[in-house]
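Worksheet: one structure, shown below.
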Amino acid sequence: MAYPLGRKMRLFGKVADKVVLLLIRTQRVGSAHGINLANIRDNDGRFYRAAFGAIGLIHEFGPHHLRRLRRNFDWVVNKRLCSGEGSTWPEYRLRFCNVCFSDFEDDVASQAFLAATLVEESTRSRFRLSTSLQDEERLLRIMERTDKAVIHFSRRLNSVRDGLGDAIANSYEKRTSAERLAWFFRNDRTQLMYEVRRLRENRRIAQQPAP
């Protein structure tokens, strides 16, 4: 027997879901390869250009990642997150993935880093719903497999700009086990520190002159 409070909470949850989706739809800026793009942060269209280019890179260099991304998400949403700039947080139930877009004032670098982030999320989405947060060994294996997939994809981006793919791959190779696990616990201080360090490293790489 369902309790009245339980019914009220479920009703509240459904209303909240509709409000969130309505907000996202009103902020739609376009689409790329069947994925809707919404921008809740104001950055003068730079997110759309970067996201369109990033999904194009995935289509060219990792089409299986694009198929998985489309299978699990209808939306990619640019929104500031509590866990630190440069991070992601998917909402599988509503089929959208929040990203915190980092603009490097370099279109190629912005697109490449965002592409790697979306590949990371599409790979992790294969496992996230079926995994208990209590099973740390399995969580770590998931993150290791995810990082390997992103590294493999990123290396292919060297053909876009020499050394850029290696730089992105190196940022994933530097992750510790604690940093990999921290993604699943979004309030964990380790995750926040990792995201801050990663953002600084990405900005340093993006500011290097092109060869």
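Under this note's numbering, the residues of the sequence shown are numbered 213 to 423, in order.
Backbone N, C-alpha and C define an ideal beta-carbon position, used for all residues, glycine too.
For a cut-off of 8 angstroms, the C-beta gap from Val362 to Ala328 is around 5 angstroms, short enough to register as a contact. As the crow flies, the alpha-carbon of Pro275 is around 36 angstroms from that of Val227. If you draw a 10 Å sphere on the C-beta of Asn382, you find fewer than 16 other C-beta atoms in it, and that means exposed.
As the crow flies, the alpha-carbon of Ile354 is around 7 angstroms from that of Arg336.
Residue pairing by DSSP places Val288 opposite Leu249 and Cys309 in a beta bridge.
Beta bridge pairing from DSSP links Arg357 with no other residue. In terms of Cα proximity to Ala266, the closest of Arg387, Asp374 and Leu369 is Leu369. Here the alpha carbons of Gly377 and Leu306 stand approximately 32 angstroms from one another. The Cβ-Cβ distance between Arg258 and Phe313 falls below 9 angstroms. Its chain contains Gly242, Ala244 and Leu249 as the residues whose beta carbon lies nearer than 8 angstroms to that of Phe264, once the 5 sequence neighbours on both sides are disregarded; these appear in chain order. When the Cα atoms are used, His277 and Asn284 turn out to be separated by approximately 11 angstroms. Here the alpha carbon of Asp319 sits roughly 7 angstroms from the alpha carbon of Ala262. Gly242 carries a strand assignment under DSSP once its states are collapsed to helix, strand and coil. At the C-beta level, Gln239 and Val289 come within 9 angstroms of one another. DSSP places Glu385 in the uninterrupted alpha helix (DSSP H) bounded by Leu376 to Glu385.
In the DSSP assignment, Phe259 falls within the unbroken alpha helix (DSSP H) covering Arg258 to Phe273.
Taking C-beta atoms as the reference points, Ile252 and Leu234 fail to come closer than 9 angstroms.
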